[in-house]
Structures are given as C-alpha cells and as structure tokens.
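S.K.: Numbering (full-length UniProt numbering), first residue to last: 1 to 281.
For glycine and all other residues, C-beta sits at the position ideal for the given N, C-alpha and C.
Bear in mind the structure is a predicted one, so any value in this text is a computation, not a measurement.
Sharing a structure below in structure tokens format, with a few things to ask.
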Amino acid sequence: MSADLHLHTTASDGSIKPADIVEIANQLDLKAIAITDHDTVAGIEVALKKSQDTAVNVIPGVELSCDTGGRDIHLLAYWPDYTASWFIKELSYLQKKRLERVKVMLLKLKEKNMDVVFEEVISIAGDATVGRSHIARAMMQKGYIDSVEEAFDKYLGRDESCYAEKPSRNPQEVLAMIRKAHGVAVFAHPGLADIDDMIPEMINDGLEGIEVSHPDHSVEQIKYYEEMASHYGLVPTAGSDFHAKGSGRGAMIGTCRVSMETVEELKSRLPEENKLKASSI
Numbered sequence: 001m002s003a004d005l006h007l008h009t010t011a012s013d014g015s016i017k018p019a020d021i022v023e024i025a026n027q028l029d030l031k032a033i034a035i036t037d038h039d040t041v042a043g044i045e046v047a048l049k050k051s052q053d054t055a056v057n058v059i060p061g062v063e064l065s066c067d068t069g070g071r072d073i074h075l076l077a078y079w080p081d082y083t084a085s086w087f088i089k090e091l092s093y094l095q096k097k098r099l100e101r102v103k104v105m106l107l108k109l110k111e112k113n114m115d116v117v118f119e120e121v122i123s124i125a126g127d128a129t130v131g132r133s134h135i136a137r138a139m140m141q142k143g144y145i146d147s148v149e150e151a152f153d154k155y156l157g158r159d160e161s162c163y164a165e166k167p168s169r170n171p172q173e174v175l176a177m178i179r180k181a182h183g184v185a186v187f188a189h190p191g192l193a194d195i196d197d198m199i200p201e202m203i204n205d206g207l208e209g210i211e212v213s214h215p216d217h218s219v220e221q222i223k224y225y226e227e228m229a230s231h232y233g234l235v236p237t238a239g240s241d242f243h244a245k246g247s248g249r250g251a252m253i254g255t256c257r258v259s260m261e262t263v264e265e266l267k268s269r270l271p272e273e274n275k276l277k278a279s280s281i
C-alpha cells in the first residue's frame, strides 16, 4: 500500500477536480493522497467527502510559498488546522501576493508584444488560486502559444524571461505558521530550489521532512536527498506534484509514491494535540 503526497486540483492550478482526483487515486490503488494546492485549502472538504465512497484516505494539506530573498521555494504543510480563521487569513495574504506576481509577469509578456489582460487571467482562474497555468491558458486563447507546456518552456518557467518570483513570507515565518496550525512541514522539491545550505536552519525552525522523490529530481538528486534526510533525521517523502496531463509540470498521479509506513512516520511528527485528529489514516 502506498501514498502520493503532492497533488494539485482545480482549486489552484491543477486541471482535475478534487473529487475526481480521489476517484483516480482509488483506481490506482493508492491507499492515501495529500491534496496540496498552492496557498489554498479550498479543495480539501470536497476531496474528504468523496473519499468516504472509496478506499482512499485524504490527507489535508497545502503548498505554501516562501521568499528566501529572491528565490521562491515551497513548503508542504500536512494535517494543518485548515479551518482556523487566522490560517485562512494568512492564505488570503499569500493569494494577494500571487495576484501582484501575475501583474508583473503580464508586464514582461507585454514587453515581448504579447498583450494578455489581467482580467482575462482572473476569468480563466475563476474561484481557483491564480497561477502561471492560468496565464498560459490566456496566452493560448490569444494564439501566442500552442500549449501550456510551451508557455512554461519559453516564457513562464523558473529560468525564463517572463518569470517573476512571488514576494511572500520567509521560510521561518511559514514554518512558524505551520507549527501554529499544528501541522507538519516538508520541504517540496528541494532539487529545484538550490538552497540546501538553508536546510539546517529550516530544521531548527520546525522542518520535519524533505520531498526526496519528485519527477524533476534526477537519480543522483534522489540519492543525495535520501542521504540528507537520514543525516538530519528528516522524513523522506515523495509526491508526483501532479498539475495536468501534458502540462510539463510534475507527473501523473501515483508516479512518485511512499509507503504507508512513511506516512505513519510523518504523522508521528505532528504535535500531540493534532495526532488524534489525523489518526484515521
């Protein structure tokens, strides 16, 4: 039995609805999945409700953006108290920063004679947390590119000309936020961040795990982060980082999995006051 601990839905920049994600996971014989949308928990309740009709356990989660001083990194929070009013308020702040980032990227696109209007992007996103995939879809509607993957490869990817970092909380602040919410924190896709020197400091601030297996990690990186996890006593996790089929971001659901023993180890790192709440998995 295994779990996929990093999945996105239409609540942020994924292409599949939360309930449908659960159904697909059930068909793939996954014992558990984590819904980890960007800076939002809007898809969790629907996924939890759907899970009651399947053999899949849904782990409430969220992928939170951090600013390391010019470099955007992500922390995964598992089992946070996601209904707390203060937590929702913090997520709203991060979502506001996402809107500011979209405007910056649209200006960069305009400099390349691609006129994508902010309101068009917001319309495409609808109730979802706005992200780069929504900009890409607006670009497709205008005929500037043929696919979301092309938009990321040429313009919106981390190292491309129209990319912009999200001004947000620093890792220390986000780790404190996760602790306050009684969740457990995992460093997402560290191989994309290039800040390994900051990991000891992040551990001191409450980091409990590291995403070792990820679609964008090479075999060498996976081995490196496995050794790092062992050295620092971090829980080594895995997740497909699914967004959409053919998007070029992450991989299909179930591609990167961990054992249920690892899920239990991750759960053991929860604060005592939250362990009972997570005991159903």
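1) Only counting the same chain, and skipping five residues up and downstream in sequence, which positions put a Cβ closer than 7 Å to that of I124?
2) Give me the Cβ distance between V174 and C66, rounded to the nearest whole Å; I'm assuming they're in contact under 8 Å.
3) Quick one: what does DSSP say D153 is sitting in, helix, strand or coil?
4) How is H231 classed by DSSP in three states: helix, strand or coil?
5) Residues in the same chain with beta-carbon distance under 7 Å from E226, minus the five sequence neighbours each way, listed in chain order, please.
6) Per the contact definition of three or more C-beta pairs closer than 8 Å, is the region 106–118 in contact with the region 80–90?
7) Quick check: what's the CA-CA separation for E165 versus H189?
8) Under 6 Å Cβ to Cβ from R132, same chain only, skipping five residues before and after it: list those, please.
9) Let me know if S247 comes out buried or exposed under the rule of 16 or more other beta-carbons within 10 Å of its beta-carbon.
10) What residues are listed by DSSP as bridge partners for T237?
11) Going by DSSP, what residue range makes up the beta strand (DSSP E) through F187?
12) Specify, as a first and last residue, the run of the alpha helix (DSSP H) that P18 falls within.
13) Tell me the rounded alpha-carbon separation between S92 and T40.
14) When we look at the beta-carbon of R169 and count the other beta-carbons within 10 Å, is it buried (16 or more) or exposed?
15) If I measure Cβ to Cβ from A47 and keep anything under 6 Å in the same chain, skipping five residues before and after, which residues do I get?
16) Under a Cβ-count criterion, where at least 16 other Cβ atoms within 10 Å of its own Cβ denotes burial, should residue 306 be classed as buried or exposed?
17) Between L99 and the rest of its own chain, which residues show a CB-CB distance below 7 Å, the 5 nearest in sequence each way excluded?
18) So the candidates are K103, K180, V56, D146; which of them puts its Cα closest to the Cα of E273?
19) Short of 8 Å in beta carbon distance, which residues of its chain neighbour R71, apart from the five on each side in sequence? Order them along the chain.
20) Do E90 and H74 come within 8 Å of each other at the CB atom, strictly closer than that value?
21) Closer than 8 Å by C-beta to F118: which residues in its own chain qualify, once you throw out the five before and the five after it? Chain order, please.
22) In chain order, what residues of the same chain have a beta carbon less than 7 Å from the beta carbon of C256, not counting five sequence neighbours either side?
23) Between M177, E160, D197, which has its C-alpha nearest S85's C-alpha?
24) Do L28 and I253 have their beta-carbon atoms positioned less than 8 Å apart in this structure?
25) Take the Cβ of H231 as the centre, count every other Cβ of all protein chains shown within 10 Å, and call the residue buried at 16 or more, exposed below.
26) Taking C-alpha atoms, which residue in H217, F187, S259, K96 lies nearest to I203?
27) By DSSP, does G191 sit in helix, in strand, or in coil?
28) Have a look at the DSSP bridge pairing and note the partners of P60.
29) Pull up the distance between the alpha-carbon of V219 and that of G126, whole angstroms please.
M.R.: Straight from the coordinates:
1) H134, R137, A138
2) 5 Å
3) helix
4) helix
5) V212, P236
6) no
7) 16 Å
8) L156
9) Only weak support exists for where S247 lies, its pLDDT of 46 falling under 50; the coordinates are left without a value.
10) E211
11) 184–187
12) 18–27
13) 8 Å
14) buried
15) P18, V22, I35, V58
16) In this structure the chain extends from 1 to 281, so residue 306 is not present and cannot be described.
17) V130
18) K180
19) E165, A193, D194, I195
20) no
21) V102, K103, L106
22) D4, S213, H214, P215, A238, G239, S240
23) M177
24) yes
25) exposed
26) F187
27) helix
28) I35
29) 38 Å
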